[in-house]
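K.L.:
Sharing a structure below in structure tokens format, with a few things to ask.
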Amino acid sequence: MRRCASFAAAFVLSLAGCSGLSCCGSKVRPEPVSFNHPDEVIRGEGFMALADRREFAVMAFLNATGFNEEAQGEQMHPVRLKVRQMVVANLAEHPKKVKAWRRYRNGLVRKHLGTYNYQDYVLSLSTDYPFRRIRPNDELGYWYTAWLLGDLPKVLNHFWRTAKLDKVWDAVKDDYIAEIKRYDFEKKQREMAFLWKYLGMERQDTLTLVNVPNPLDRHFSAIGAGYDGYHYSVESPGAIAHSLNIHEYLHSIVNALVSKNYAGHKSKLLKYYKAGKNAPGAASYREPTIFVSECMVRALDRRIRGRFENTPRWTKLTKDQVASNTQEGLNLTQPFYDLLDGFERSGQPFDQYLPTLLEHLPNISDSVAAGQATETSS
32 MRRCASFAAA
42 FVLSLAGCSG
52 LSCCGSKVRP
62 EPVSFNHPDE
72 VIRGEGFMAL
82 ADRREFAVMA
92 FLNATGFNEE
102 AQGEQMHPVR
112 LKVRQMVVAN
122 LAEHPKKVKA
132 WRRYRNGLVR
142 KHLGTYNYQD
152 YVLSLSTDYP
162 FRRIRPNDEL
172 GYWYTAWLLG
182 DLPKVLNHFW
192 RTAKLDKVWD
202 AVKDDYIAEI
212 KRYDFEKKQR
222 EMAFLWKYLG
232 MERQDTLTLV
242 NVPNPLDRHF
252 SAIGAGYDGY
262 HYSVESPGAI
272 AHSLNIHEYL
282 HSIVNALVSK
292 NYAGHKSKLL
302 KYYKAGKNAP
312 GAASYREPTI
322 FVSECMVRAL
332 DRRIRGRFEN
342 TPRWTKLTKD
352 QVASNTQEGL
362 NLTQPFYDLL
372 DGFERSGQPF
382 DQYLPTLLEH
392 LPNISDSVAA
402 GQATETSS
């Protein structure tokens with residue numbers, strides 16, 4: 032998901048007097064991305080699954096420099112533990128370099144970046160060591176990373192050599208390859224067709240969708256990022272379904288539609304944002320349109336998945352997920368999910384119906400009252 036690190040962006044703006052991409056980082060000469068290790072890629076029509084060395088390298092770096100986060104109640108993935116142990120052993124003779132890399136990560140501004148900023152940025156690099164930028168700044172999911180992480184390719188290359196990541200990769204590559212072999216490309220085709228049929232819209236993009244397993248991250252985390260005609264879904268343990276990542280793909284559709292319609296309903300939507308923004312589940316969505324988009328994507332994701340699977344278990348699971356997301360702070364998820372009833376009955380394409388859906392959205396006080404009444408009656 033395209034998320035927002037607003038503090039870092041605001042700090043860069045004030046520090047650099049920067050109003051856009053032009054002053055952030057040197058110009059990059061675009062090159063088409065190439066995947067040079069055939070055994071690390073599985074291809075289908077419009078789809079790929081990739082054992083991505085860029086994500087492996089940056090996540091190994093983050094783990095070595097203080098990223099110890101894990102979801103509550105979960106243990107680190109065995110591949111993550113193995114990589115951490117090997118890297119620690121390989122860096123044992125380089126304590127000064129480790130300290131320098133920690134200082135790099137914990138600089139005044141970079142310490143506010145999330146792992147998703149790094150994961151997104153490295154997808155603008157060449158796919159193999161030595162890493163270099165091959166996609167321009169205006170493709171970056173977060174423009175300020177061109178400035179904050181401009182020297183990351185050099186840092187990663189130094190880390191790769193010092194930590195002997197070539198040997199570490201050789202030790203875990205089979206685990207990555209086993210994971211990408213589990214993706215069901217036939218099911219992904221059916222899910223994609225179902226998604227567009229549900230939205231009632233003609234698909235306009237020609238993106239190749241790339242699933243990237245990321246066992247070095249915390250559980251239940253994923254990001255989506257688009258570069259050079261590829262839409263990447265980088266998926267951690269617990270976020271991998273080995274099929275279409277409906278959530279991340281929906282962001283490529285929904286974000287622009289929400290931005291287009293936000294101004295006409297700003298007053299009402301802003302009240303939801305202010306009520307939910309400080310809750311734990313909304314911590315990553317620090318800008319109103321991003322918050323609204325995330326809620327809409329979650330509502331649509333659950334609705335589409337429930338309809339596609341079409342079993343009582345999945346219906347209950349998706350409804351429970353909507354309720355949980357709403358209670359955790361993404362408080363528009365339930366109202367949007369409920370309003371999709373009207374969309375489904377309308378026969379209109381989703382992009383045409385969205386203004387009507389937003390018009391029917393109750394004020395937050397009315398929505399809370401209705402939820403409390405339903406809870407009491409049940």
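Mapping to this note's numbering: the sequence shown position 193 is 224, numbers consecutive.
Glycine included, every Cβ here is placed at the ideal spot set by N, Cα and C.
Here the structure is a predicted model, which means the values were calculated and not measured.
1) Please state the DSSP three-state secondary structure of Asn341.
2) Alpha carbons only, please: which of Met90, Lys228, Leu156 and Lys128 is nearest the one belonging to Asp379?
3) Below 8 Å on the Cβ atoms is my guess for Ser264 versus Lys219; work out the distance and round it to an integer in Å.
4) How would you call Val241, buried or exposed, if buried means at least 16 neighbouring beta carbons within 10 angstroms?
5) Between His189, Asp70, Asp215 and Gln103, which lies nearest to Ser252 when the distance is taken from Cα to Cα?
6) CA-CA distance, Tyr175 and Lys212?
7) Quick one: what's got a C-beta closer than 7 Å to Val243's C-beta in the same chain, skipping five residues either side?
8) Mapping the DSSP letters down to three states, classify Asn168 as helix, strand or coil.
9) By the 10 Å Cβ neighbour count, where 16 or more other Cβ atoms means buried, how is Asn245 classified, buried or exposed?
10) Rounded to whole angstroms, how far is the Cβ of Val59 from the Cβ of Arg133, which I believe are closer than 8 Å?
11) Would a C-beta distance cut-off of 8 Å place Leu370 and Leu388 closer than the cut-off?
12) First and last residue of the alpha helix (DSSP H) that includes Ala123?
13) For Gly77, collect the residues of the same chain with a Cβ closer than 7 Å to its Cβ; drop the 5 residues on either side in sequence, then sort them by chain order.
14) Consult DSSP for Phe216 and reduce its assignment to one of helix, strand or coil.
15) For Glu266, list the residues DSSP reports as bridge partners.
16) Grab me the residues of His296's own chain with a C-beta within less than 6 Å of its C-beta, minus the 5 sequence neighbours each way, in chain order.
17) What are the start and end residues of the alpha helix (DSSP H) that includes Leu385?
18) Pro311 and Gly269 - do their beta-carbons sit closer together than 8 Å?
19) Specify, as a first and last residue, the run of the beta strand (DSSP E) that Ile208 falls within.
20) By Cβ distance below 6 Å, which residues in the same chain neighbour Arg115 in space, the five residues on each side in sequence not counted?
21) Where Phe162 and Trp191 are concerned, what is the direct C-alpha to C-alpha distance, given to the nearest angstrom?
22) Got a sec, what are the start and stop residues for the beta strand (DSSP E) Gly373 sits in?
23) Around the C-beta of Ser290, are 16 or more other C-beta atoms found within 10 angstroms, so that it is buried, or is it exposed?
24) Can you grab the Cα-Cα spacing for the pair Gly56 / Glu210, in whole Å?
25) DSSP on Val118, reduced to helix/strand/coil?
26) Quick check on this structure: which residue in Asn309, His125, Ala91 and Met223 has the alpha carbon closest to the alpha carbon of Val203?
P.N.:
On the basis of the coordinates in this document:
1) Coil.
2) Just to set this straight, residue 379 is Gln in the shown sequence, not Asp. If we check each option's Cα against that of Gln379, Lys228 comes out closest.
3) Ser264 to Lys219, Cβ: 11 Å. No contact.
4) Buried, since its Cβ has 16 or more Cβ neighbours within 10 Å.
5) For Ser252, the nearest C-alpha among the options comes from Gln103.
6) Distance between the alpha carbons of Tyr175 and Lys212 is about 35 Å.
7) Hits under 7 Å: Leu81, Asp83, Glu86, Tyr263, Ser264, Val265 and Glu266.
8) Helix.
9) By the neighbour-count definition (other C-beta atoms within 10 Å, threshold 16), Asn245 is a buried residue.
10) Actually they are not in contact, since the Cβ atoms of Val59 and Arg133 sit about 27 Å apart, beyond 8 Å.
11) It is a contact, given that the beta carbons lie within the stated cut-off.
12) It is not in any alpha helix (DSSP H) - Ala123 carries neither H nor E in the DSSP assignment.
13) Only residues of its own chain outside the window of five on either side were considered, and among them Thr239 and Leu240 have a CB closer than 7 Å to the CB of Gly77, listed in chain order.
14) Three-state result, Phe216: helix.
15) DSSP output for Glu266 lists Pro244 and Ala253 as bridge partner(s).
16) Answer for His296: Leu389, listed in chain order.
17) Run containing Leu385: Phe381 to His391, per the alpha helix (DSSP H) assignment.
18) No, these two residues do not count as a Cβ contact at 8 Å.
19) Counting along the chain, Ile208 falls outside any beta strand (DSSP E), though it belongs to the alpha helix (DSSP H) covering Leu196 to Ile211.
20) The answer, listed in chain order, is Asn94.
21) One Cα belongs to Phe162, the other to Trp191, and the distance between them is close to 10 Å.
22) In the DSSP annotation of this structure, Gly373 is not part of any beta strand (DSSP E); the continuous alpha helix (DSSP H) holding it starts and ends at Thr364 to Ser377.
23) Exposed, because fewer than 16 other Cβ atoms sit within 10 Å of the Cβ of Ser290.
24) Confidence at Gly56 is low in this model, with a pLDDT of 46, below 50, so its placement is unreliable and no value can be given for it.
25) Helix, per DSSP.
26) Considering only alpha carbons, the answer is Ala91.
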